[in-house]
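Below: one structure, written as structure tokens.
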Amino acid sequence: MNPHSEPSKRSDDSKPAATSSDSSAQPPSNSPRPPKPSPPANPPSAARPSRRIAPTGPTDPNSTAEPAGPPGPADATNPSALSHLAYIAGSPTPSDPSHSTTPTDAATAPSADAQVTLRSPAELADALPYLLGFYPDDSVVMVALHGERGRFGGRVRLGIPTDRAHWPDVADQLAGCLISAGQERDERPAAIIVYLCQEPAAGESGKDVKDRLRPLAQRLRTACGALDVPVLEALCLSNGRFWSYCCPDFRCCSAEGTPLVMPGTSVMAAAAAYAGMQVRGSLKEMEARLRPRTGPRAAEQEKVLDTAAGALVPRMLRRDGAVAVRRDTLELAGAMIHRFRQDTPSGSNRARDACDDALITDAEAADLILGLQDRVTRDRAAEWMDGSAAAPALRLWRALARRCAGGYAEHAVAPLTLAGWVCWSTEDGPSARVALSCALAIDPDYTFAQLLHHAINEGLDPEPLRRCLREQHREAVAATEAPAPSTAPAAEETPRPTKRPGPARTGPAGRPRGPRGATGPGSRTTDGRSRRRAGRDGDRSRR
-19 MNPHSEPSKR SDDSKPAATS SDSSAQPPSN SPRPPKPSPP ANPPSAARPS
31 RRIAPTGPTD PNSTAEPAGP PGPADATNPS ALSHLAYIAG SPTPSDPSHS
81 TTPTDAATAP SADAQVTLRS PAELADALPY LLGFYPDDSV VMVALHGERG
131 RFGGRVRLGI PTDRAHWPDV ADQLAGCLIS AGQERDERPA AIIVYLCQEP
181 AAGESGKDVK DRLRPLAQRL RTACGALDVP VLEALCLSNG RFWSYCCPDF
231 RCCSAEGTPL VMPGTSVMAA AAAYAGMQVR GSLKEMEARL RPRTGPRAAE
281 QEKVLDTAAG ALVPRMLRRD GAVAVRRDTL ELAGAMIHRF RQDTPSGSNR
331 ARDACDDALI TDAEAADLIL GLQDRVTRDR AAEWMDGSAA APALRLWRAL
381 ARRCAGGYAE HAVAPLTLAG WVCWSTEDGP SARVALSCAL AIDPDYTFAQ
431 LLHHAINEGL DPEPLRRCLR EQHREAVAAT EAPAPSTAPA AEETPRPTKR
481 PGPARTGPAG RPRGPRGATG PGSRTTDGRS RRRAGRDGDR SRR
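In terms of our numbering, the sequence shown has 95 at position 115, counting the first letter as 1, and numbering is strictly consecutive.
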């Protein structure tokens, strides 16, 4: 696993009784173009919050809350394969630095119906990347606990606002979002776990981060308590250590923090590997794969985009120009996906992205970026969402998002949304949320991204939408094949009016012609469709 993908803990802090359990998502029907929903600041348990999140975007770690402004999307997740974890808070004593109760069962291999029990703050810190699918940099994360044994439920994540004046509003809205979601599903949380994750700035230490974020942690605890839901544990994770805001005893929670152990060495990591779960690195690493270029290469790409945009305008003004541009864009996208499929890079994510960038020229990228701004073209491109086309299509959409440099940053919304759709279609929810959150941070009103983000937060099944897109593809293929047989009768009907007998036609040889090609005496009457008299004057006019 990526060494930055998960926090670690001391091996002697863990005394778990292992198990895991699966949870199924509800598969209500969906459609490619349903009515526009409200902005996707959705609660984690498939219910819309009555109060929306005010900060400008979840993917911006420096996002700030602006209650008077438009709300931004917050990441809200539903239980995954290991989300039915249980946290049993022990009774800490000075002689028990791990905060853990005595285990009743020995650690066993997780079965399909088992649960993983967490008993200490160290185990809670270790479980965070598995709860979200990535390590949340610069984020506040809240996890709901249900029942007497503290079964893990819904989660919300939001970038920590840089303006401390916004912390009270953010805390109130996050608490209301998570708790109201459970109430609407008749699963009011019994308690909440709070995580504050932020790396030290220049000149700071992890302890400085913990002290600086303490007012936010206290405000979150107060906001939850005002709604009659206690915060069972509040942790700060920074610089490879964690601190508990709820433990006052320095003998078990050192002022310097508790170190995190190496990734992949805990029971939680083993259970996640058994369940096939993958931690995809940190949030910053995932966003870096979607961020536009900078430097000289970005300037060159922007110039090519300017040239392509100038050439696109006269093409669109031609008769059937939009249809031709749409066809050319889809053909080019299909050729690029075939090219990406033939060349699969290896190595780190950064190395693979560099190889993908080399597979597409600036001119090709510019034509695709501009062509995907058309809604119909984008919907047709969404048909590459499963099978052998899914992986190369995802690589292509990511590469195009990285090419939206300079003044074309807003053009990245379409490829980012397509990337999020492919990730969701291939059951990669964490990557889908990151891509869609990036798209909504650029354009909060982009309907397609709103719908997908809302559907993921609601725990919907993408298969109904896949069926709609497959049917759309079949109809498009049938439409392209239909003109061949349909033009044959039209070709036969074209000469029919000329075959009608007229008084001027005498004999099988047709009209007799004069020396200069004039018609015979009996042909002075004109055809109803041509208002021209036949004769010498007509011959002159035809010349």
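Even for Gly, the Cβ is constructed at its ideal location relative to N, Cα and C.
DSSP assignment within the segment 336 to 400 yields the following whole alpha helix (DSSP H) runs of 4 residues or more, N-terminal first: 342 to 351, 355 to 361, 370 to 383. Going by DSSP, ILE436 is part of no beta strand (DSSP E) but of the alpha helix (DSSP H) stretching over 427 to 437.
Nearest C-alpha to PRO444 among GLN430, SER405, PRO109, GLY237: SER405.
DSSP places ALA171 in the strand class (E or B) of the three-state scheme.
Pairing ALA399 with LEU374 gives a Cβ-Cβ distance under 8 angstroms. Counted as a single uninterrupted DSSP element, the beta strand (DSSP E) harbouring MET122 occupies residues 119 to 126. Contact between the segment 94 to 103 and the segment 116 to 123 is absent: fewer than 3 CB-CB pairs across the two stretches fall below 8 angstroms. When DSSP states are grouped into helix, strand and coil, SER218 belongs to the strand group.
Taking CYS204 as the centre and dropping the five residues before and after it, the same chain places the C-beta of ALA155, ILE172, VAL211 closer than 6 angstroms to its C-beta, in chain order.
Taking all protein chains shown into account, SER224 has 16 or more neighbouring C-beta atoms within 10 Å of its C-beta and is therefore buried.
Every alpha helix (DSSP H) stretch that sits fully inside the segment 233 to 261 and reaches 4 residues is listed by chain position as 247 to 254. Under the DSSP assignment, VAL96 falls outside any beta strand (DSSP E); it carries neither an H nor an E label. Taking VAL457 as reference, the option from GLY386, CYS384, GLU363 with the minimal CA-CA separation is GLU363.
In this structure, the beta-carbon distance from LEU193 to CYS227 does not fall below 8 angstroms. Annotated three-state conformation of CYS177 is strand, per DSSP.
A straight line joining the alpha-carbon of MET266 with that of VAL414 spans about 7 angstroms. Rounded to whole angstroms, the gap between the alpha carbons of ASP286 and VAL293 is 11 angstroms. In the three-state DSSP reduction, ARG131 falls in the strand class (E or B). Of all alpha-carbon atoms in THR427, ALA385, LYS264, CYS157, the one lying nearest the alpha-carbon of GLY275 is that of ALA385. Taking 8 angstroms as the cut-off, the Cβ atoms of ARG383 and ARG271 do not count as close.
By alpha-carbon distance to ALA251, the top candidate from ILE422, GLN178, GLU103 is GLU103. Distance from the Cα of ILE140 is smallest, within the candidate group CYS157, PRO325, VAL121, THR341, for VAL121. Look at the segment 259 to 312 and you find these whole runs of alpha helix (DSSP H), each 4 residues long or longer: 263 to 268, 276 to 297. An exposed status is given to GLY183, since fewer than 16 other beta-carbon atoms sit within 10 Å of its beta-carbon.
CA-CA distance, HIS318 to PRO372, rounds to 8 angstroms.
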